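What follows is a set of notes on a single structure, which appears directly below.
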Ligand SMILES: Nc1ncnc2c1ncn2[C@@H]1O[C@H](COP(=O)(O)OP(=O)(O)OP(=O)(O)O)[C@@H](O)[C@H]1O
Ligand SMILES: [Mg+2]
């Protein structure tokens, strides 16, 4: 039932990244299967964003191999890399919207760069994306500095989805959203994954997202992926950090009572 | 997925009386770009005159949100022309996609028509208000600065010497090479031209008087101020502006630190101390350049140059230039800080404000220099 025979869409082997003398990633291995939502967890400052940025080619690596869409990113010519970039969408942790452009223009920026569409169609598509991510239509003509934190997240997602990419990188998409908004976000990502066959690589601390939409979870600690697999694997792991993460105070309310716990004592919620 | 995923979006039409069946094929994705747009337009026009239109998805390749939306828009067009429309052979995912990306009427953005004359008048009015506002802001800022300076003078423990020395290093020490170079070069050029002109009257030694007075009274301080306006003024505006953009200034404020005391005063004080020092260095460099040129073009030795210079200028000549420099520093610093605080949320506004700061500072430096010239002439100094 595991799709491990499929060729992974992202394949990382032995990745080492350090800043100065400080090693952040120490021989990290990671596979992301196509069509899956992979949740990536890890403590603050462990290097989740650094890993994302390294895969995207924004941070230099000291060692290791990275393949995206089956292509080794080191062996690509700049032109091939550009073709690759068209096939993924990225949502940065801080949004990284272009501050001089309105939300609509932000969404249209990649369309303008890669496609030749008429302005009216681009306007309409931008509005569609805005609606899709749950923003009001009047946000379209606002500048990023006029948006609330949650609206920035949504606008950034809309821009990441502008070209209907095959793979999206989301860095903490639901942090700063209200629980209802976060649930909508999860639902949107699940819908897109189902209908477009989207592959999602999502850095998140949101336990709700992990429980509801992630097919696979990978956990980062000490510069390595310490565990990867479906939620049940995570829950069964006896790595102290994972135990604290998935069985800590904040996670209890969320653990579903009907979940099949493998070799664990029944949690308090089992009473229902 | 019957057709190859990268085929162009297309469709075929089957007519059966008043019924039309449109079979879609190819990939209806945004990657199709212009082809997608064209196909969607043609699709919208295809249903003309039919009573029932069925859109068949059986032969379609990949569909994404853009494709789904354009297809649904075409369907809405057909429906608006009076035909009954339906989708056929949708799979579950496509159904969801079409529902998510469903077409809905959106009012187009309104474009307001403006009278050109009215437009010019509004612009003019806007400018006037802006200039008045600038003067007001300047005066208010000066008052606030004076209050901050007073506060610090009365309570010297609030001084931030570390910050001030740090800024002086950047404004003064690191500017020395460029200030020396440009003043030296301008000293050379002015002396050379003076020698050429005065030689015709056999009075080329007067070039030394000329260069002495010109450099010490005007050129040294002007060149240095303009250079610092470009170099440090822009840096101050950019720094404060990006702090404003990232809410750092708000953070200071809510922590009970007045941006005026923490950011503005140390910078302006540093400038006020730096500029006279740099002006002095610049003066010496320009005179050095004059000395070299006088020797090269007219064979005037260093000793005779200095003797002549001593006769030509008095202490007042030197002081006139030096007295002006703190005022120039104040003007540059104030404009830089005011413009820095005016930066709005965008990177573009940061660039605009830096430009404005530099242009205004240079303009004001020259303007203030003119005022001083009138003033010193009036008091015969
Ligand atoms: N450009 C950089 N230069 C030096 N160190 C860096 C740089 N970028 C990140 N780091 C360091 O790398 C480590 C990992 O940072 P990263 O942003 O990946 O954390 P993270 O796992 O995404 O944390 P969070 O969950 O808080 O976002 C941190 O210790 C950080 O200080
Ligand atoms: Mg991060």
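Protein chains in written order, with our numbering: chain A, 2 to 273; chain B, 354 to 734.
Every residue, glycine too, gets a C-beta built ideally from N, C-alpha and C.
A quick note: this is a predicted structure, and the numbers were derived from the prediction, not measured.
- prompt: Which residues, in order along the stretch 113–136 of chain A, keep a beta-carbon less than 9 Å from a beta-carbon of chain B?
  reply: Answer in chain order: 115, 116, 117, 118, 119, 121, 122, 124, 125, 126, 128, 129, 130, 132, 133.
Integer-rounded CB distance, given that residue 386 of chain B should sit under 8 Å from residue 116 of chain A: Indeed, because the Cβ distance is near 4 Å, the residues count as touching under 8 Å.
- prompt: What in chain D is Cβ-close to residue 593 of chain B, meaning under 7 Å?
  reply: You won't find chain D in this structure, because its protein chains are A and B.
task: Taking only the alpha-carbon atoms, compute the straight-line gap between residue 592 of chain B and residue 693 of chain B and give it to the nearest angstrom.
output: Taken atom to atom, the span from the alpha-carbon of residue 592 of chain B to that of residue 693 of chain B is near 7 Å.
message: DSSP three-state label for residue 48 of chain A, please.
response: In the structure shown, residue 48 of chain A sits in coil (DSSP, three-state: anything other than H, G, I, E or B).
query: Run through DSSP, which three-state label would residue 194 of chain A get?
result: Shown here, residue 194 of chain A sits in a helix according to DSSP, grouped into three states.
query: Given residue 571 of chain B, which residues of its chain have a CB within under 8 Å of its CB, disregarding the five upstream and five downstream residues?
result: Counting only Cβ-Cβ distances below 8 Å, and skipping sequence neighbours, we find 674, 722, 726.
task: Considering only heavy atoms of ligand 1, list every residue whose Cβ is less than 5 Å from one of them, following chain order.
output: Listed by chain position, these are A:20, A:25, A:45, A:46, A:47, A:48, A:49, A:50, A:51.
- request: Starting from the beta carbon of residue 195 of chain A, find every residue of chain B whose beta carbon is closer than 8 Å, and list them in chain order.
  value: Within 8 Å Cβ-Cβ: 446, 449.
Nonlocal neighbours in the same chain, by C-beta distance under 8 Å from residue 575 of chain B, ignoring five residues either side: Correct list, in chain order: 718, 719, 722.
task: State buried or exposed for residue 715 of chain B, treating a residue as buried only when at least 16 other CB atoms are found within 10 Å of its CB.
output: Looking at its Cβ environment, which holds 16 or more other Cβ atoms inside 10 Å, residue 715 of chain B is buried.
query: How long is the line joining the alpha carbons of residue 10 of chain A and residue 84 of chain A, rounded to whole angstroms?
result: Between residue 10 of chain A and residue 84 of chain A, the C-alpha separation is close to 15 Å.
- prompt: Heavy atom of ligand 2 less than 7 Å from the Cβ of residue 447 of chain B, yes or no?
  reply: False, no ligand heavy atom lies under 7 Å from that Cβ.
- request: Report the residues of the stretch 172–196 of chain A with a CB closer than 7 Å to any CB of chain B, ordered along the chain.
  value: Of all residues in the stretch 172–196 of chain A, 192, 195, 196 have a Cβ within less than 7 Å of some Cβ in chain B.
- prompt: Would you say the beta carbon of residue 153 of chain A comes nearer than 7 Å to a heavy atom of ligand 2?
  reply: Residue 153 of chain A: no, Cβ never under 7 Å from ligand 2.
query: Among residues of its own chain, excluding the 5 on either side of residue 175 of chain A, which ones have a beta-carbon nearer than 6 Å to its beta-carbon?
result: Result list for residue 175 of chain A: 183, 186, 207, 210, in chain order.
message: Taking 6 Å as the limit between beta carbons, can you name the residues of its chain near residue 160 of chain A, skipping five residues before and five after?
response: Correct list, in chain order: 107, 108.
field: Residue environment, residue 808 of chain B, which counts as buried when at least 16 other CB atoms sit within 10 Å
entry: Lying outside 354 to 734, the shown extent of chain B, residue 808 of chain B is not represented and no answer is given.
Reduced DSSP secondary structure (H/G/I, E/B, other) of residue 39 of chain A: Looking at residue 39 of chain A - three-state DSSP - the assignment turns out to be strand.
Beta-carbon contacts of residue 118 of chain A that lie in its chain and below 7 Å, excluding the five residues immediately before and after: Excluding the 5 residues flanking it on each side, residue 118 of chain A has same chain C-beta neighbours closer than 7 Å at 112, in chain order.
Residue 60 of chain A CB to nearest heavy atom of ligand 2 below 7 Å: Result no, Cβ not under 7 Å from ligand 2.
- prompt: Near residue 58 of chain A, which residues of its chain fall below 8 Å by C-beta distance, leaving aside the five closest residues on each side in sequence?
  reply: Here the set comprises 74, 82.
field: Short CB-CB distance (under 8 Å) between residue 144 of chain A and chain B
entry: Closer than 8 Å to some Cβ of chain B, the Cβ of residue 144 of chain A qualifies, so yes.
query: How is the beta strand (DSSP E) around residue 30 of chain A delimited, first residue to last?
result: For residue 30 of chain A, the enclosing beta strand (DSSP E) starts and ends at 23–33.
message: Give me the subset of the stretch 412–435 of chain B whose CB atoms are less than 7 Å from a CB atom of chain A, sorted by chain position.
response: Cβ proximity to chain A below 7 Å picks out 417, 418, 419, 422 from the stretch 412–435 of chain B.
Cα-Cα separation, residue 650 of chain B to residue 545 of chain B: Residue 650 of chain B and residue 545 of chain B: Cα-Cα distance of roughly 7 Å.
query: Can a CB atom of chain A be found closer than 8 Å to the CB of residue 382 of chain B?
result: Answer yes: the Cβ-Cβ gap between residue 382 of chain B and chain A drops below 8 Å somewhere.
- request: Give the range of the beta strand (DSSP E) segment to which residue 172 of chain A is assigned.
  value: Segment 168–172, the beta strand (DSSP E) holding residue 172 of chain A.
message: Relative to the C-alpha of residue 537 of chain B, which candidate in B:581, B:636, B:420 has its C-alpha closest?
response: Just measuring C-alpha positions, the residue of B:581, B:636, B:420 sitting nearest residue 537 of chain B is B:636.
Beta-carbon gap between residue 172 of chain A and residue 50 of chain A smaller than 8 Å: Yes; because the gap between Cβ atoms is below 8 Å, this pair is in contact.
message: Am I right that residue 55 of chain A and residue 91 of chain A are in contact with their C-beta atoms under 8 Å? What's the rounded C-beta distance?
response: Cβ atoms of residue 55 of chain A and residue 91 of chain A stay farther apart than 8 Å, at about 13 Å.
Straight-line gap, residue 562 of chain B to residue 640 of chain B (C-alpha atoms, nearest Å): When only Cα atoms are considered, residue 562 of chain B and residue 640 of chain B end up about 11 Å apart.
field: Bridge-paired residues (DSSP) for residue 368 of chain B
entry: DSSP output for residue 368 of chain B lists B:373 as bridge partner(s).
field: Per-residue burial, residue 31 of chain A [other beta carbons within 10 Å of its own, 16 or more giving buried]
entry: Residue 31 of chain A is buried by the Cβ-count criterion.
- prompt: Are the C-beta atoms of residue 682 of chain B and some chain A residue less than 8 Å apart?
  reply: For residue 682 of chain B, no Cβ of chain A is located within less than 8 Å of the residue's own Cβ.
field: Near ligand 2: residue 18 of chain A beta-carbon under 7 Å from a heavy atom
entry: Residue 18 of chain A Cβ: outside cutoff for every heavy atom of ligand 2.
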